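As structure tokens, the structure follows; a few thoughts come after it.
Residue numbers (UniProt numbering): 1 to 247.
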């Protein structure tokens, strides 16, 4: 088996070789530039969706442990709704259905933002479960102790419960963060120019399947592994001796 990696320096339009593998003026002309640009889309969509998922998921997890039954029910409905609908279906709903129902979304919101919302809300349901489990793992006396000190319920969550709960759930949150990178591949279904779409289209154009899918696989691995290492670093820095996960 002989592999030909030279095609990465070919112009995507003409197929002619480009010196240095980068087109003039930094324009996306070669397959190498196309792949790097697609990687940038994958990382951007993943990180934005991760931020959204962490914010919304944390709020849902808190709501599900709140003494207010309406907040708790809202959190449960949110979790069941976004957890039980396949991600690809949610992407199509955000991309095709919602813009048809809400016309301003069609003109004012880029498709990539809609994918970020779909991926972020889907993952928020899973993160909400993790945050809820982390809070419920703590002794009930911690909530009562905070309120006995004169703290309001929001203050008790902020200064007593959440700092400990997030330390407990860092490992499962790491897994969900890595899953976002992998799940971002569904964006190719709505023509977002990320790695999965690059791999599919470029392999059809060039017939270099091995040479394309091997680097794309490595880029997905590098992206997910980088999140894993960052999360491990954070976990080590915030670890409290004598508590869950401490060594």
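Using N, Cα and C, we set each Cβ at its ideal position, and we do this for glycine too.
Since we're looking at a predicted model, the values are computed, not measured.
Bridge partner(s) assigned by DSSP for residue i
i, result
"residue 17", "10"
"residue 123", "According to DSSP, which records beta bridges pairwise, residue 123 is partnered with nothing at all."
Start-to-end residues for the alpha helix (DSSP H) that takes in residue i
i, result
"residue 107", "103-108"
"residue 178", "170-183"
"residue 70", "69-83"
"residue 220", "209-238"
"residue 198", "195-206"
"residue 92", "87-92"
"residue 152", "Unbroken run through residue 152: none, as it is neither H nor E."
Assigned secondary structure, residue i (DSSP; H/G/I helix, E/B strand, else coil)
i, result
"residue 137", "helix"
"residue 30", "strand"
"residue 22", "coil"
"residue 162", "helix"
"residue 35", "helix"
"residue 245", "Caution applies to residue 245, whose pLDDT of 48 falls short of 50 and renders its modelled position unreliable; the value that the coordinates give is listed next. Looking at residue 245 - three-state DSSP - the assignment turns out to be coil, as it is neither helix nor strand."
"residue 50", "helix"
"residue 2", "coil"
"residue 192", "coil"
"residue 145", "helix"
Counted within 10 angstroms of its Cβ, other Cβ atoms place residue i as buried (16 or more) or exposed
i, result
"residue 218", "exposed"
"residue 207", "exposed"
"residue 84", "exposed"
"residue 246", "With a pLDDT of 46 at residue 246, under the threshold of 50, the predicted position of this residue should be treated as unreliable, though the coordinate-derived value follows. Exposed, since its Cβ has fewer than 16 Cβ neighbours within 10 Å."
"residue 144", "exposed"
"residue 118", "buried"
"residue 120", "buried"
"residue 3", "exposed"
"residue 64", "buried"
Cβ distance (whole Å) where residue i is taken to contact residue j below 8 angstroms
i, j, result
"residue 161", "residue 135", "6 angstroms"
"residue 184", "residue 231", "Contact flag wrong, Cβ pair sits at about 17 angstroms."
"residue 248", "residue 200", "Nothing can be reported for residue 248: it is not among the residues displayed for the chain, which extend from 1 to 247."
"residue 224", "residue 212", "In fact, because the Cβ distance is near 19 angstroms, the residues do not count as touching under 8 angstroms."
"residue 194", "residue 42", "4 angstroms"
Short CB-CB distance (under 9 angstroms) between residue i and chain B
i, result
"residue 95", "In summary, chain B is missing from the structure at hand, where a single protein chain is found."
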